[in-house]
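K.L.:
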Amino acid sequence: MKLSNILFAIFCSGTLAVQVLVNLGFKKGYEEHLLFVKNQVFPINDFPLENIKVVIAKGVRFTLYLAKNQQGFKQDVRPEGVTFKAQGDTLFISSKDGKYHERNYFETYFHDIPNLILLNANANIIANTEEELNTRIEKNSQLLIEQSSFRKINAEVKDKSTLIFNADATVDLLEMKLNDSAVLRDNNAKITKIVPIYISDKASLSLSGKVLRALHSLPSNAF
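Residue 115 in full-length UniProt numbering sits at position 115 of the sequence shown; the count goes up by one each step and never skips.
1) Given a threshold of 16 other Cβ atoms within 10 Å of its Cβ, counted over all protein chains shown, does residue 89 qualify as buried or as exposed?
2) Go through the stretch 135 to 159 residue by residue and report every complete run of the beta strand (DSSP E) that reaches 3 residues or more, in order.
3) Consult DSSP for residue 53 and reduce its assignment to one of helix, strand or coil.
4) My output table needs one value for residue 309: the three-state DSSP class, helix, strand or coil.
5) In chain order, what residues of the same chain lie with their CB nearer than 6 angstroms to the CB of residue 56, ignoring the 5 residues before and after it?
6) Quick one: give me the first and last residue of the beta strand (DSSP E) that residue 181 is part of.
7) Is it right to say residue 83 is buried, meaning 16 or more other beta carbons lie within 10 angstroms of its own, or is it exposed?
8) Please report how far the alpha carbon of residue 43 lies from the alpha carbon of residue 49, in whole angstroms.
9) Out of curiosity, what's the CA-to-CA distance linking residue 127 and residue 169?
10) Quick one, which of 130, 151, 166 and 142 has its alpha-carbon nearest residue 158's?
11) Does DSSP classify residue 212 as helix, strand or coil?
12) DSSP three-state call for residue 60: helix, strand or coil?
13) Give every residue of the same chain whose Cβ lies closer than 6 angstroms to the Cβ of residue 204, excluding the five residues on either side of it in the sequence, and list them in chain order.
14) So which of 54, 64, 114 and 115 has the shortest CA-CA distance to residue 87?
15) Taking the alpha-carbon of residue 195 as reference, which of 136, 94, 211 and 96 has the nearest alpha-carbon?
16) For residue 40, which option in 144, 81, 96 and 74 has the closest C-alpha, if you only look at C-alpha atoms?
17) In the DSSP assignment, what are the bridge partners of residue 227?
18) Within a Cβ cutoff of 6 angstroms, which residues of the same chain sit near residue 156, ignoring the five residues on either side of it in sequence?
19) DSSP three-state label for residue 97, please.
20) If you reduce the DSSP assignment to three classes, tell me which class residue 175 lands in.
21) Measure the C-alpha to C-alpha separation of residue 61 and residue 138 and round it to an integer number of angstroms.
22) Using alpha carbons as the reference points, say which of 154, 209, 146 and 152 lies closest to residue 167.
So this is what it looks like as structure tokens:
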């Protein structure tokens, strides 16, 4: 082999090795940065969330945590297309294009549970508290109550929306309105008493035996 070919081969091998090391280092640094940012909690437009009494979410997917030591939102560095806008005591959260996307996911942390309105949105609540939750779920939304304890929940479910209680959810009193083709479902949750204020003839109940026994009485219009 000619000396020039040997030198060229050595040069190419060295260049390739440098590129591999640089790429590996960059990837590791990027992953560390991604993990760092993802674990941070940021304020929402520098607006104190203790002033927020109502959250209206449209076209997004998120988890709402009750946390006494932090408040704000958390997501990674990828552009998710989510906007936060505070007006008075109401926080508006929406996708920038007004449409629902699974990728528009984030986490929010509140000191107190706000009234929650979902419009074409998917939300989970994780809150161990003796507080009361007031929620309206519509436009084909879904709300999942998990790892939570509530003294009382007032829920109005509309359209083809769904309210779900996981097995690790505890509720003393659930007052509900099921309009249109709304769905109430549970997975062996611990609900002491359910008072159905209104149930549409198109709505459906998918309840475990334990929760079914908590059903106080059906309204006269039901079924």
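Built from N, CA and C at the ideal position, the CB exists for glycine as well.
P.N.:
Judging by the given coordinates:
1) Exposed, by the Cβ-count rule.
2) Counting only runs of 3 or more, we get 142 to 145 and 149 to 157.
3) Residue 53: coil per DSSP, three-state reduction.
4) As displayed, the chain neither begins before 1 nor continues past 223, which places residue 309 out of reach and without an answer.
5) Cβ neighbours of residue 56 beyond the five flanking positions: 92 and 117.
6) Here residue 181 belongs to no beta strand (DSSP E), and DSSP marks it neither H nor E.
7) So residue 83 ends up on the exposed side.
8) Their backbone Cα atoms lie some 8 angstroms apart in a straight line.
9) As the crow flies, the alpha-carbon of residue 127 is around 9 angstroms from that of residue 169.
10) Out of 130, 151, 166 and 142, 142 has the C-alpha closest to the C-alpha of residue 158.
11) Three-state result, residue 212: helix.
12) Three-state result, residue 60: coil.
13) 183, listed in sequence order.
14) The shortest Cα separation from residue 87 among 54, 64, 114 and 115 belongs to 54.
15) It is 211 whose Cα lies nearest to the Cα of residue 195.
16) Scanning 144, 81, 96 and 74 for the CA closest to the CA of residue 40 turns up 74.
17) Nothing can be reported for residue 227, as the shown portion of the chain is limited to 1 through 223.
18) Taken in chain order, the residues that qualify are 136 and 177.
19) Taken through DSSP and simplified to helix, strand or coil, residue 97 comes out as coil.
20) Three-state result, residue 175: strand.
21) Cα-Cα distance, rounded: 14 angstroms.
22) Residue 146 holds the alpha-carbon nearest to the alpha-carbon of residue 167 among 154, 209, 146 and 152.
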